[in-house]
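Be aware that the sequence shown starts at 1168, since it is given in the working numbering, and climbs by one per residue. See structure below.
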Amino acid sequence: MRKISIILFFMFIIGCRKEISITKDYLPIEKIEFKKNISYEFIAKGGERHLSLIDWGEESIPVSSKSCHHGGEIIPPLKGFISANYDDKKVYIKVSWSDLTKDDKGPYWKNGKLVDMKDDGISIIFSKSKDFNCALTCHMTNWEIDRGKFVSDYRMFNKKEDSPILLIRPSKTEGKVVGGILGKEGKRNPKGSEFFIFNSKKSEGRVSSFYLYQIIGRDDQPIYTDSRLFLLNLENIYFEGKMEYRLNQWTADVSIPLEFLGLKDIKKGDKIYMSLAIFDGTNVNHSITDTFSAIFE
């Protein structure tokens, strides 16, 4: 199995050497561990707002602007490691990150009331453009008045390209690796529908968005007899992979078909760009890394 060198897209490789020259100014990748598989340390920043609603006074920015995290308290930066290999058919990625709490339960209905549990997880977004940035896919799409306050809404979509995306969470995806596309309509499975069906009457007629997550469960009722809030869409596709928690650390192993990434006949020096989103006890907010380039050796 061959290796993929993973670096920040603006770092540089010297000649044909396998060693990667990393400039210390260009964190989050801080150092290399030379083991059987080289792992690269990253930092993910951002996280949960810890606010029930977005305040328009705090968020008065144009609809066309892009942002990923919107004020309020955030969790401290998360540190982790990533390594990757590939063969003629698949890319294999291992990501581990520190987490002092194992959050593996999602929200569920009990006696007509929503019990607001939140789980951990990770998402990986791929791109063929070095200019890709996760923050540029989060757009303010609307604002309205709710309970006497101006609130703004955000959705995640990508007008420039269809970016392959993976998501794995212990509860929300039932530990499965869900594969799809982040495009102009948002996150969709190959059939064009959303990953999840919301078991909530408040969700009827609404597309998935930041604001929807804020109002679900408030004067709300389930639609189906299933107690879970998030139901996996039957049209989803899944890839091999798993998440495991041990010694205050999550590890996610995923294998992705090259075809899903739009790659074939890989040659040494080919590259693809990616960004990681880490969920730490949250439904929708996340911490993100800068964009990495994965160079096939």
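Beta carbons: idealized from backbone N, C-alpha and C, even for Gly.
| Three-state class that DSSP yields for Q1381 in the structure shown | helix
| said: By the three-class DSSP mapping on this structure, what secondary structure does K1438 have? | reply: strand
| request: Kindly provide the ranges of any beta strand (DSSP E) runs that are 3 or more residues long and lie completely inside the stretch 1357-1381, ordered along the chain. | output: 1363-1365
| field | Reference W1264, options E1464, S1294, K1339 and S1454, closest by Cα | value | S1454
| message | When you measure from the CB of L1379 to every non-hydrogen atom of the ligand MN, does any distance come out below 8 Å? | response | With respect to the ligand MN, the structure offers nothing, as it holds no ligand at all.
| C-alpha gap between S1460 and P1389, whole angstroms | 43 Å
| task | Assign S1394 to one of two classes, buried (16 or more other C-beta atoms within 10 Å of its C-beta) or exposed (fewer than that). | result | Classified as exposed, S1394 has fewer than 16 neighbouring CB atoms from the shown chains inside 10 Å of its CB.
| request: Closer than 6 Å by C-beta to F1446: which residues in its own chain qualify, once you throw out the five before and the five after it? Chain order, please. | output: The beta carbon of F1446 lies closer than 6 Å to those of D1287, G1288 and H1453 in the same chain, with the five residues before and after it left out.
| What is the C-beta distance between G1353 and S1375, in whole angstroms, given that I count them as a contact (C-beta under 8 Å)? | 7 Å
| said: Give me, in chain order, the residues of the same chain whose beta-carbon lies closer than 6 Å to that of I1260; leave out the 5 immediate sequence neighbours on both sides. | reply: A1251 and V1421
| query | Anyone know if the C-beta pair for V1282 and L1425 falls short of 9 Å? | reply | no
| task | Look at F1248 and S1206 and say whether their C-beta atoms are less than 9 Å apart. | result | yes
| said: Short of 6 Å in beta carbon distance, which residues of its chain neighbour E1200, apart from the five on each side in sequence? Order them along the chain. | reply: Residue placement at E1200 is flagged as unreliable, the pLDDT there being 43, under the threshold of 50; a coordinate-derived value is accordingly withheld.
| request: Go ahead and pull the three-state DSSP assignment for M1467. | output: Because the chain spans 1168 through 1464 in this model, residue 1467 falls outside it and cannot be assessed.
| task | Give the straight-line distance between the Cα atoms of I1292 and L1333, rounded to the nearest whole angstrom. | result | 7 Å
| task | Could you spell out the range, first to last residue, of the beta strand (DSSP E) harbouring S1460? | result | Bounds of the beta strand (DSSP E) holding S1460 are F1459 to F1463.
| query | In angstroms, rounded to a whole number, what distance separates the CA positions of G1468 and N1356? | reply | Outside the shown range of the chain (1168 to 1464) lies residue 1468, about which nothing can therefore be said.
| query | Among the residues of its own chain, which have a CB less than 7 Å from the CB of P1243, if the five just before and after it don't count? | reply | none
| Identified DSSP bridge partners for F1397 | F1365
| request: Out of F1463, G1448 and M1441, state which residue places its alpha-carbon closest to the alpha-carbon of D1457. | output: M1441
| task | Could you check how far apart the C-beta atoms of T1418 and E1411 are, in whole angstroms? I think they sit under 8 Å. | result | 5 Å
| Based on Cα-Cα distance, which residue from Y1253, P1274, F1209 and K1256 lies nearest to G1448? | The residue with the shortest Cα to Cα distance from G1448 is P1274.
| Own chain partners of G1224 with C-beta closer than 6 Å, once the 5 adjacent residues on each side are dropped | The pLDDT assigned to G1224 is 35, lower than 50, so where the model puts this residue is not dependable; a value taken from the coordinates is nonetheless given after this. Closer than 6 Å at the Cβ level, and outside the excluded window around G1224, lies no residue.
| Would I1439 be called buried (16 or more neighbouring beta carbons within 10 Å of its own) or exposed? | Result: buried.
| request: Report the rounded CA-to-CA distance for I1423 versus G1436, giving the unit in angstroms. | output: 19 Å
| What's the gap between the Cα of G1347 and the Cα of I1404? | 7 Å
| said: Here's the rule I'm using: 16 or more other beta-carbon atoms within 10 Å means buried, otherwise exposed. How should R1213 be labelled? | reply: Sequence check: residue 1213 is Gly here, not Arg. With 16 or more Cβ atoms within 10 Å of its Cβ, G1213 is classed as buried.
| request: Report yes if the CB atom of K1269 is closer than 9 Å to the CB atom of S1338, and no otherwise. | output: no
| query | Using a Cβ-Cβ cut-off of 6 Å (strictly less than) and excluding sequence neighbours within five positions of L1267, which residues of its own chain qualify? | reply | Only N1415 meet the Cβ criterion.
| message | When you compare the CB positions of F1209 and L1443, do they come within less than 9 Å of one another, or not? | response | yes
| task | Would you kindly report the start and end of the unbroken beta strand (DSSP E) that includes P1331? | result | S1330 to I1335
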